[in-house]
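Participant:
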Amino acid sequence: MATRAQFQEALEMLRVDVDVLGVMAEQAVSGAMRALLGEDESVASDVIAGDDRTDAFFVTLEERAYALVAQQAPVAADLRFLMSALRVMADYEKTGDRAVAVAKSVLADWEREPVTIGLLGRMGDLALTLLGSARAAWLEQDLFVASDLKRRDDVLDGTFRQLVAHLLTRQGPGAPSLVLHAHAAGRNLERIADHAVIIGERVSYMLTGDPSALAAEAR
Amino acid sequence: MTPAVHPTFTCRMSCGHRRSLPSASILMTNSRSARSRELLTEGTEPQPEATVTPRLAPVGRDTVAPEGAPIFEIENLSVYYGTFRAVRDVSLNMRKGQITAFIGPSGCGKTTLLRSLNRMHDLIPGVRVEGSLRYQGDDLYGPGVDPVVVRRLIGMVFQRPNPFPKSIYDNVAFGPKIAKLDVNMNECVEQALRKAALWDEVKDRLKTSATQLSGGQQQRLCIARAIAAQPDVILMDEPCSALDPVATLRIEDLMQELKSDYTIVIVTHNMQQAARVSDMTAFFTAEVDAEADRRAGLLVEFDRTEKIFTSPGDERTESYVSGRFG
Numbered sequence: 002m003a004t005r006a007q008f009q010e011a012l013e014m015l016r017v018d019v020d021v022l023g024v025m026a027e028q029a030v031s032g033a034m035r036a037l038l039g040e041d042e043s044v045a046s047d048v049i050a051g052d053d054r055t056d057a058f059f060v061t062l063e064e065r066a067y068a069l070v071a072q073q074a075p076v077a078a079d080l081r082f083l084m085s086a087l088r089v090m091a092d093y094e095k096t097g098d099r100a101v102a103v104a105k106s107v108l109a110d111w112e113r114e115p116v117t118i119g120l121l122g123r124m125g126d127l128a129l130t131l132l133g134s135a136r137a138a139w140l141e142q143d144l145f146v147a148s149d150l151k152r153r154d155d156v157l158d159g160t161f162r163q164l165v166a167h168l169l170t171r172q173g174p175g176a177p178s179l180v181l182h183a184h185a186a187g188r189n190l191e192r193i194a195d196h197a198v199i200i201g202e203r204v205s206y207m208l209t210g211d212p213s214a215l216a217a218e219a220r
Numbered sequence: 040m041t042p043a044v045h046p047t048f049t050c051r052m053s054c055g056h057r058r059s060l061p062s063a064s065i066l067m068t069n070s071r072s073a074r075s076r077e078l079l080t081e082g083t084e085p086q087p088e089a090t091v092t093p094r095l096a097p098v099g100r101d102t103v104a105p106e107g108a109p110i111f112e113i114e115n116l117s118v119y120y121g122t123f124r125a126v127r128d129v130s131l132n133m134r135k136g137q138i139t140a141f142i143g144p145s146g147c148g149k150t151t152l153l154r155s156l157n158r159m160h161d162l163i164p165g166v167r168v169e170g171s172l173r174y175q176g177d178d179l180y181g182p183g184v185d186p187v188v189v190r191r192l193i194g195m196v197f198q199r200p201n202p203f204p205k206s207i208y209d210n211v212a213f214g215p216k217i218a219k220l221d222v223n224m225n226e227c228v229e230q231a232l233r234k235a236a237l238w239d240e241v242k243d244r245l246k247t248s249a250t251q252l253s254g255g256q257q258q259r260l261c262i263a264r265a266i267a268a269q270p271d272v273i274l275m276d277e278p279c280s281a282l283d284p285v286a287t288l289r290i291e292d293l294m295q296e297l298k299s300d301y302t303i304v305i306v307t308h309n310m311q312q313a314a315r316v317s318d319m320t321a322f323f324t325a326e327v328d329a330e331a332d333r334r335a336g337l338l339v340e341f342d343r344t345e346k347i348f349t350s351p352g353d354e355r356t357e358s359y360v361s362g363r364f365g
């Protein structure tokens, strides 16, 4: 069945290319964090400019997935894979957008207060670790890594709460812009981690067909 | 003491009438033709002496099963052609008001099983059915069950449209006539054609030959012919395999409209058709039967259609529905 073999090959290529999109998103996040921690505006500008490539690649992947759905009428595991691929690529694309938002905050004028920067740095590390695990779960089709992401996200949520508590104590003339930009950056990192968790849930559904993973994803 | 409530058989044809029959006589008759005619005539009162064998189902159960109640209960059913066991050990329940699809590769026994549901095999010498097949609680192969009555209550639509070389009207009127149903024939024909979504296309030429209709129209005529006999169940054996995609979609739409009145069982080779039209899907395959040392059809998986096509429980189903069989 040559056609079927070609279909399987196309699915495999899509799986790898979705991960390429994941790499692009991951690089954007790590670039945004480097820019934030090192106050490097040129790195921040690179991240912002690079998002167009991520978006363009996302669109080509989406078109490929739609074409496979239309032409091959996939069912069962193939259907779960393609629907998951569409979801996962959208999550990577949004991760890239969040990284851009963090990079933009680097260009803004606000006081880089050490405790705040420390907490944001910690959040960035955690978000990147989760994103790396999400990529591994997708690429290796690893159910254990996929289903463990939710639990690991709690640590990052805790750090974000710490950041908010700390920001609420800030006073003085620089406080409003600090609170505004640091909170936005923290919120974006927290959302990046959420996308990683959703990818994990999506991989769990793809591998098991268990609809409770879809419910978890919607929360 | 509460008087025993007689289960009733209610006719749902809008052209007809509501009537009550003693439940034990739905499938059973003493003398086939005379008795069935008598029992299928409006106003027949319950006649205790008509009971040939005691009912196995609890007395008082409504024979028109509520939505979702089992209409066919199949247990360990095997069908033999002579010594060859074509289908082995099938167990599944089909529910009223649902469309059940049988899918599987050629030679997996799905058509054989479908034909055993209205005793079509009785007409082929050497065919034997073993196991239990209950229709609304009654043993379909029990003593005293009249196969003619069975085939009226459980109609069949075949792969190729097979209208009689008669007028459109006569094709539809055929069933009620031979069953001597007490109906207004013109109304009955119109209603059956309307239900089969054919009325508007043929109302001005009811007396022309059915063979002049297109393939899709002929198949809808065959459905109208089955409906006119006032069945509970319509069995369809690849009803769209000889039709173009537009005619196929019309039949599929029709099935959705009919399922509120009839339980439908469809055999199809078209995966997408099973996915589109059915509520439940049974996947069959053919594997070596250790007992007979030959390939025999068996049921692999029976579940909600949505489940079969998104996350089947058996690898063989997965391979088949996703086109990687063998």
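Chains A and B, in that order, are what the protein sequence lines are. The first sequence runs contiguously to residue 220 in the working numbering. The second sequence runs contiguously to residue 365 in the working numbering. Idealized CB from N, CA, C, for every residue including glycine.
1. Report all residues from its chain with a CB closer than 6 Å to the CB of Leu95 (chain B); omit the five preceding and five following residues, and keep chain order.
2. For chain B, is any of its Cβ atoms less than 7 Å away from the one on Ala74 (chain A)?
3. Identify, in the order they occur along the chain, each residue of the same chain with its Cβ nearer than 7 Å to the Cβ of Tyr208 (chain B), setting aside the five sequence neighbours on each side.
4. Is the region 121-136 of chain A in contact with the region 49-62 of chain A, if contact means three or more CB pairs nearer than 8 Å?
5. How many Å lie between His167 (chain A) and Thr117 (chain A) at the Cα?
6. According to DSSP, is Gly133 (chain A) part of a helix, a strand, or is it coil?
7. Which residues in chain B have a C-beta closer than 7 Å to the C-beta of Arg5 (chain A)? List them in chain order.
8. Whole-angstrom Cβ separation of Tyr93 (chain A) and Ala33 (chain A), contact assumed at under 8 Å?
9. Within the present structure, is the beta-carbon of Ala147 (chain A) separated from the nearest heavy atom of the ligand ATP by less than 6 Å?
10. Taking Met195 (chain B) as part of the beta strand (DSSP E), name the residues at either end of that continuous run.
11. Quick one: list the residues of chain A neighbouring Phe341 (chain B), beta-carbon separation under 9 Å, in chain order.
12. Looking at chain A, is there any beta carbon in it that lies within less than 7 Å of the beta carbon of Gln312 (chain B)?
13. Is the separation between the beta-carbon of Ile262 (chain B) and that of Ala218 (chain B) shorter than 7 Å?
14. Answer yes or no: does any C-beta atom of chain B fall closer than 7 Å to that of Ala233 (chain A)?
15. Would you say the region 136-147 of chain B touches the region 178-197 of chain B, given that touching needs at least three Cβ pairs under 8 Å?
16. Could you pull out every residue in the same chain whose Cβ sits closer than 6 Å to the Cβ of Thr80 (chain B), ignoring the five residues on either side in sequence?
17. With DSSP collapsed to three states, give me the class of Pro174 (chain A).
18. Looking at the secondary structure, which residues open and close the beta strand (DSSP E) in which Asn115 (chain B) lies?
19. Helix, strand or coil, according to DSSP, for Glu330 (chain B) in the structure here?
20. Could you check what DSSP says for Ala321 (chain B) in three-state terms: helix, strand or coil?
21. How would you call Gln373 (chain B), buried or exposed, if buried means at least 16 neighbouring beta carbons within 10 angstroms?
22. Can you give the Cα-Cα distance for Ala109 (chain A) and Gly39 (chain A), rounded to whole angstroms?
23. Is the region 17-26 of chain A touching the region 130-140 of chain A in the sense that three or more CB pairs, one from each, lie closer than 8 Å?
24. Are the Cβ atoms of Glu340 (chain B) and Phe322 (chain B) separated by less than 7 Å?
25. So, at 6 Å on beta carbons, what are the nonlocal neighbours of Val204 (chain A) in its own chain, with the 5 sequence-adjacent residues on each side left out?
26. Quick one: measure Cβ to Cβ for Ile303 (chain B) and Ile273 (chain B), integer angstroms, because I've assumed they're closer than 8 Å.
27. Would you kindly work out how many angstroms separate the C-alpha atoms of Thr170 (chain A) and Arg188 (chain A), rounded to a whole number?
Facilitator: Let me lay it out:
1. Along the second sequence, one-based indexing puts residue 95 (chain B) at 56. Its pLDDT being 31, under 50, Leu95 (chain B) is placed unreliably in this model, and the value from its coordinates should be taken loosely. Closer than 6 Å at Cβ, skipping near neighbours: no residue.
2. In the first sequence, residue 74 (chain A) corresponds to position 73, counting from 1. Interface residue, yes.
3. Translated into the one-based positions of the second sequence, residue 208 (chain B) becomes position 169. Here the set comprises Val228, Leu245 and Lys246.
4. no
5. As a first step, residue 167 (chain A) is located in the first sequence; it is residue number 166 there, counting from the start. As a first step, residue 117 (chain A) is located in the first sequence; it is residue number 116 there, counting from the start. Those two C-alpha atoms are separated by around 7 Å.
6. By one-based count along the first sequence, residue 133 (chain A) stands at place 132. If DSSP states are grouped into helix, strand and coil, Gly133 (chain A) belongs with the helices.
7. Locating residue 5 (chain A) in the first sequence gives position 4, counting from the first residue. Near Arg5 (chain A) (Cβ distances below 7 Å), the residues of chain B are Gly362 and Arg363.
8. Against the first sequence, residue 93 (chain A) aligns to sequence position 92. Against the first sequence, residue 33 (chain A) aligns to sequence position 32. Actually they are not in contact, since the Cβ atoms of Tyr93 (chain A) and Ala33 (chain A) sit about 15 Å apart, beyond 8 Å.
9. Annotation note on the ligand ATP: not contained in the displayed structure, which lists no ligands.
10. Indexing the second sequence from 1 puts residue 195 (chain B) at position 156. Met195 (chain B) -> beta strand (DSSP E) spans Ile193 to Val196.
11. As a position in the second sequence, residue 341 (chain B) is number 302, starting the count at 1. Result: empty, since nearest Cβ-Cβ is about 16 Å, beyond 9 Å.
12. As a first step, residue 312 (chain B) must be located in the second sequence, where it is residue number 273. No, Gln312 (chain B) does not count as interfacial toward chain A.
13. On the second sequence, residue 262 (chain B) is found 223 positions in, with the first residue counted as 1. On the second sequence, residue 218 (chain B) is found 179 positions in, with the first residue counted as 1. No.
14. In the structure as shown, chain A begins at 2 and stops at 220. Residue 233 (chain A) is therefore absent and cannot be evaluated.
15. no
16. Reading the second sequence from its first residue, position 41 is the one you call residue 80 (chain B). Only weak support is given to the placement of Thr80 (chain B): the predicted model assigns it a pLDDT of 32, under 50, and the value that follows is read from those uncertain coordinates. Answer for Thr80 (chain B): Asp221, listed in chain order.
17. In the first sequence, counting from the first residue as 1, residue 174 (chain A) sits at position 173. Pro174 (chain A) falls in the coil class under three-state DSSP.
18. The residue given as residue 115 (chain B) occupies position 76 in the second sequence. Here the beta strand (DSSP E) through Asn115 (chain B) covers Pro109 to Tyr120.
19. As a working mapping, residue 330 (chain B) is identified with position 291 in the second sequence. Coil.
20. Residue numbering aside, residue 321 (chain B) sits at position 282 when the second sequence is read from its first letter. DSSP places Ala321 (chain B) in strand when its eight states are reduced to three.
21. Any answer about residue 373 (chain B) is impossible in this case: the structure gives chain B only from 40 up to 365.
22. Sequence index remark: in the first sequence, residue 109 (chain A) carries index 108 (1-based). Sequence index remark: in the first sequence, residue 39 (chain A) carries index 38 (1-based). Between Ala109 (chain A) and Gly39 (chain A), the C-alpha separation is close to 14 Å.
23. yes
24. Your numbering for residue 340 (chain B) matches position 301 in the second sequence. Your numbering for residue 322 (chain B) matches position 283 in the second sequence. Cβ distance < 7 Å, so Glu340 (chain B) and Phe322 (chain B) count as in contact.
25. In the first sequence, counting from the first residue as 1, residue 204 (chain A) sits at position 203. So the qualifying residues of the chain are Ala138, Trp139 and Ala147.
26. For the purposes of this step, residue 303 (chain B) is taken as residue 264 along the second sequence, with counting starting at 1. For the purposes of this step, residue 273 (chain B) is taken as residue 234 along the second sequence, with counting starting at 1. Rounded, the Cβ-Cβ distance is 5 Å, consistent with contact.
27. To locate residue 170 (chain A), count along the first sequence from 1; it is residue 169. To locate residue 188 (chain A), count along the first sequence from 1; it is residue 187. Roughly 18 Å between the two C-alpha positions.
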